[in-house]
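Counting from -3, one number per residue, gives the positions in the sequence shown under the numbering used here. Notes follow once the structure below has been shown.
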Amino acid sequence: REHVIASTVQRRLLPQAERRQAAVDTAHVLLPGRDSGCWFDTIALSGARTALVVGGVAGEGLQSAIAMGQLRTVIQALAGLDLEPEEVLARLKDTADRLAHE
């Protein structure tokens, strides 16, 4: 039962259709192995730039699917701050570390 719930959560958190950005067109196919926390996204940035994001959370089941959703939301929010990529990744790592200890 947890497998079905985790898979459903993961699928619903991912982009449902290809997104057209000013700088790039994307398409995707996701073939998850098990209850994984893998995700991807395209995020429109200022200056006609586009962030292509691929991430993963260790573990299986509902816990990793929820963590995936949290981190995906954080990176979308950070992308809106117009930070350098290194700063976005550093802040994302800090958030992931905090979530791991909750």
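For each residue, glycine too, the CB sits at the ideal point set by N, CA and C. Predicted model only: the values in this text are computed from it and were never measured.
What is the DSSP secondary structure of residue i, counted as helix, strand or coil?
i       : result
Gly51   : strand
Asp37   : strand
Arg45   : strand
Leu77   : coil
Arg87   : helix
Arg(-3) : coil
For residue i, which residues of its own chain have a beta-carbon under 6 Å away from its beta-carbon, when the five flanking residues on both sides are left out?
i     : result
Thr91 : Val70
Glu83 : none
Please report the distance separating the alpha-carbon of residue i from that of residue j.
i     : j       : result
Glu24 : Thr46   : Per the sequence presented here, residue 24 reads as His, with Glu not at that position. Near 16 Å, if we compare the C-alpha coordinates of Thr46 and His24.
Ile39 : Glu(-2) : 30 Å
Trp35 : Glu80   : 21 Å
Leu85 : Val0    : 31 Å
Ser60 : Gly52   : 9 Å
Gly76 : Asp93   : 21 Å
Starting from residue i, trace the alpha helix (DSSP H) both ways and give me its first and last residue.
i     : result
Thr22 : First-last for Thr22: undefined, no H or E at that position.
Going by beta carbon distance, what residues of the same chain come within less than 8 Å of residue i, once the five residues before and after it are set aside?
i     : result
Leu95 : Ala63, Gln66 and Leu67
Less than 7 Å between C-beta atoms, sequence neighbours within five positions excluded: which residues of the same chain meet that for residue i?
i     : result
Leu48 : Thr38
Val50 : Phe36
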